[in-house]
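For the sequence shown, numbering that gives the first Met the number 0 begins at 0 and goes up steadily by one.
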Amino acid sequence: MLGLMQEQPLLISSLIEFAERHNGEVEIVSRRVEGDIHRYTYRDAAVRARQVANALDALGLAFSDRVATLAWNGYRHFELYYGVSGSGRVLHTINPRLHPDQIAWIANHAEDQVLCFDLSFLPLVQAVHSRCPTIKHYIALCAPDKLPADSGVPNLTSYESWIAAQSTQYQWPTFDENSASSMCYTSGTTGNPKAALYSHRSSTLHAYAAALPDVMCLSARDSVLPVVPMFHVNAWGIPYSAALTGCKLVFPGPAMDGKSIYELMETERVTYAAGVPTVWQMLLGHLKPNNLKFSTLKRTVIGGSACPPAMIAAFQNDYGVEVLHAWGMTEMSPLGTLCTLKNRQLALNADEQMKIRLKQGRAIYGVDMKIVDDAGRELPWDGKAYGDLLVKGPWIVREYFKGEGGNPLIKDEHGVQWFPTGDVGTIDADGFLQITDRSKDVIKSGGEWISSIEIENIAMAHPAVAMAACVGMAHPKWDERPIVAVVKRVGMDVSVAELLKFYEGKTAKWQIPDDVVFVDAIPLGATGKMLKTRLREQLKDYKLPTT
Numbered sequence: 000m001l002g003l004m005q006e007q008p009l010l011i012s013s014l015i016e017f018a019e020r021h022n023g024e025v026e027i028v029s030r031r032v033e034g035d036i037h038r039y040t041y042r043d044a045a046v047r048a049r050q051v052a053n054a055l056d057a058l059g060l061a062f063s064d065r066v067a068t069l070a071w072n073g074y075r076h077f078e079l080y081y082g083v084s085g086s087g088r089v090l091h092t093i094n095p096r097l098h099p100d101q102i103a104w105i106a107n108h109a110e111d112q113v114l115c116f117d118l119s120f121l122p123l124v125q126a127v128h129s130r131c132p133t134i135k136h137y138i139a140l141c142a143p144d145k146l147p148a149d150s151g152v153p154n155l156t157s158y159e160s161w162i163a164a165q166s167t168q169y170q171w172p173t174f175d176e177n178s179a180s181s182m183c184y185t186s187g188t189t190g191n192p193k194a195a196l197y198s199h200r201s202s203t204l205h206a207y208a209a210a211l212p213d214v215m216c217l218s219a220r221d222s223v224l225p226v227v228p229m230f231h232v233n234a235w236g237i238p239y240s241a242a243l244t245g246c247k248l249v250f251p252g253p254a255m256d257g258k259s260i261y262e263l264m265e266t267e268r269v270t271y272a273a274g275v276p277t278v279w280q281m282l283l284g285h286l287k288p289n290n291l292k293f294s295t296l297k298r299t300v301i302g303g304s305a306c307p308p309a310m311i312a313a314f315q316n317d318y319g320v321e322v323l324h325a326w327g328m329t330e331m332s333p334l335g336t337l338c339t340l341k342n343r344q345l346a347l348n349a350d351e352q353m354k355i356r357l358k359q360g361r362a363i364y365g366v367d368m369k370i371v372d373d374a375g376r377e378l379p380w381d382g383k384a385y386g387d388l389l390v391k392g393p394w395i396v397r398e399y400f401k402g403e404g405g406n407p408l409i410k411d412e413h414g415v416q417w418f419p420t421g422d423v424g425t426i427d428a429d430g431f432l433q434i435t436d437r438s439k440d441v442i443k444s445g446g447e448w449i450s451s452i453e454i455e456n457i458a459m460a461h462p463a464v465a466m467a468a469c470v471g472m473a474h475p476k477w478d479e480r481p482i483v484a485v486v487k488r489v490g491m492d493v494s495v496a497e498l499l500k501f502y503e504g505k506t507a508k509w510q511i512p513d514d515v516v517f518v519d520a521i522p523l524g525a526t527g528k529m530l531k532t533r534l535r536e537q538l539k540d541y542k543l544p545t546t
C-alpha cells in the first residue's frame, strides 16, 4: 500500500518560489565588482531569475544544456543559480583560480553553451574563448555602459540588457527531481578534473540538512555571509539553504581581504559566516593589530581544510565566536560532517570541549560513514583505530560526469556501495570523525601512523608561524620521517631549534618532526588547499639531518 501524499518533485525552483512568497522582503546585499553596495530582496531576485529563464529559452537552449559561470559571490550569480537550474538547464560553476588550460578543458568537457562572467575575469575569457567551440554566447555580468569598447570576445552581451528584454512572468517547469541541476569539477591535482553532477533532489535534500540545528543552524533571524565562493561546490549549499530558511544574505564580491570582510560584517550585522581557513587568517590578521571586535558575529563554519586549533581558540576566546568545524568534498555536495556538541558534552570543561571541537564532527542525516583497513574490514569507533574513510548517501556521487575515472564506488561484504573519500581518519564512540590525513599524505614511520595535520596544527599554534605543511621524507631505518615546511609571519622570527622544542609535551616524542624547513610560501590549490605534491617537488633535493 502506498501513502496518500501529494507528489511534488524536489526542484530547485521551489526554493526561490518559497523565498519570494514567504520571505520576499528579506534583503540580499552584495559588494559588486563595480565597487558599490547593491541591495534588493528575495522578491526582486525571484523576478530576475525568471527573466534569466526566459532569456535562456530565447537562446534556444535545450533541457540539460550547460550554462557556465566565472563569477564572484553576488546577486547576479545568485539569480543564475535559480534561473539556469530552475528552467531545467545545468549550472556549471567554474573556478577562476584554475589555469586557463584547465578552464578550457573543463568548458569543452562540459560542452558549455553559455558563459556568464564578471568583468574581473575578462582577461581569462579572452585567453580561453578561442579554444571553447561549444560556447556560443558570452554574457558579461554588468550593465551595458560597463561593457568594454573592444573586449576581443565575440558577440559579448551585458547581463542587464540580456535579461531586460525578457518578461518577468515564467512558469517554472516540472520534471523529474533526479534531473541534473548543477555541476562542479574537482581541481584536478592528479589527472584531468572530474565533474560531480548534482541533481535537483540531491541539492534540495542537502539544503534541508545543512540548515538543521546541529549543522549550520540557519534561520530567518540570521544575516549570513558566505565567503566560501559560489564557484566552490555551490558555496557549500548556502544559496539554497538561505532561500529555504529566509535568512538575510550578504555577498562579499571580489573584496576578500580582511578589512573588507570585517567592514561588511559590521555594516550588515552578520551573525553567521562560512569560509576556508586561509580567509579567516586574513580576517584575524586585520582584527588583532587594529584592536577590533565583532558586534554581531556569533558563529562561523570553517571547512575546505583542517582548521588549526589556534584559529578556533582565537575566535572563541578572543572574539566570542563559535567555530563549527566541518568536513566534506565536492563529491558530497559537499557537507559530510559538522562539529557540534552533544547534550552530555556541554557539562565538560573548556579543555575537554576543545578536544572535541578540533574534530571534523558528526555525520549529518543523509550521510553514513565508516573507516576500513587495507582489506576493507570495518574498524571500531574507538577514536584510536585509523582507517580509510568511506561514505554513502543521497547527495554523494555514484560516478563522475561522462564516466571519467571509471566507477569510483567499492562494495563491502554485504554488497553495499560506498564512495572512497581518499581521507584517513578515526571515529570515536560518540561518532565524531577526526581526519588525520589524505591517504596519499599519510606518514608511516616504523610501521606507525603520524598525522601530518596534527604536526601542522602544533606549528600553527606558534606565534611566529603563518602557515605550515608537514610531509614525509624517506628514511633508511624508519621508512619515512616527518618534516614541517613553515612560512614565518611578517616581522617575526623563529629558529629550527626553537620550533622543534615547541613540539615537546604536545605530541609523542617519536612524532616530533625531524626538521623544519623555512619557505617563502606553501603552494595552494584553486580552492585554498595545500598542494603537498608540489611542495614535495620543491623539496626533492632535501636530505634529512643525519644526526
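Ideal placement from N, C-alpha and C gives every residue a C-beta, glycine not left out.
Let me know the secondary structure DSSP gives residue i once reduced to three states.
i, result
"E503", "strand"
"Q112", "strand"
"G122", "Reading off the sequence, residue 122 comes out as Pro, not Gly. DSSP places P122 in helix when its eight states are reduced to three."
"M472", "strand"
"D478", "strand"
"L282", "helix"
"G257", "helix"
"G327", "strand"
"L14", "helix"
"A465", "strand"
"R49", "helix"
"R298", "strand"
"E455", "helix"
"V28", "strand"
"W417", "strand"
"E403", "coil"
"R200", "helix"
"R361", "strand"
Around the C-beta of residue i, are 16 or more other C-beta atoms found within 10 angstroms, so that it is buried, or is it exposed?
i, result
"A18", "buried"
"T299", "buried"
"W509", "exposed"
"M0", "exposed"
"D100", "exposed"
"R65", "buried"
"R75", "buried"
"R47", "buried"
"Y271", "buried"
"T329", "buried"
Residues in the same chain with beta-carbon distance under 7 Å from residue i, minus the five sequence neighbours each way, listed in chain order, please.
i, result
"L534", "A468, V470, A484, I521 and P522"
"D429", "K341"
"A126", "P99"
"D440", "S451 and K531"
"D387", "I370, V371, P419, V423 and S438"
"Q352", "L340 and Q344"
Within a Cβ cutoff of 8 Å, which residues of the same chain sit near residue i, ignoring the five residues on either side of it in sequence?
i, result
"E33", "C141 and K145"
"G527", "V275, P276, T277, V278, G303 and S304"
Measure the CB-CB distance between residue i and residue j and report whether it falls below 7 Å.
i, j, result
"F250", "G23", "no"
"A208", "G365", "yes"
"S63", "V89", "yes"
"D411", "V423", "no"
"K193", "E398", "no"
"L283", "A313", "yes"
"L337", "V214", "yes"
"I395", "M331", "yes"
"I138", "C115", "yes"
"V493", "A460", "no"
"A210", "L204", "no"
"E267", "V28", "yes"
"A238", "F77", "The question names Ala, but residue 238 is Pro in the sequence shown. Their beta carbons are under 7 Å apart, which means P238 touches F77 by this criterion."
"D222", "V269", "Note that residue 222 is Ser in the sequence shown, not Asp. Yes; because the gap between Cβ atoms is below 7 Å, this pair is in contact."
"R20", "Y169", "no"
"W326", "Q359", "yes"
"I457", "P481", "no"
"S201", "P393", "yes"
"G85", "W161", "no"
"L248", "L14", "no"
Suppose the cutoff is 6 Å on Cβ atoms and the five residues either side in sequence are ignored; what does the same chain contact list for residue i look like?
i, result
"S119", "V32 and P253"
"D117", "V32, A70, W71 and L140"
"A305", "I452"
"W448", "Y385"
"V495", "V515"
Do the region 261–280 and the region 53–61 touch if we need at least three Cβ pairs shorter than 8 Å? no
Take every Cβ of the region 231–246, pair it with every Cβ of the region 374–384, and state whether three or more of those distances are shorter than 8 Å. no
Segment contact flag, the region 292–309 with the region 171–179, C-beta cutoff 8 Å, min 3 pairs: no
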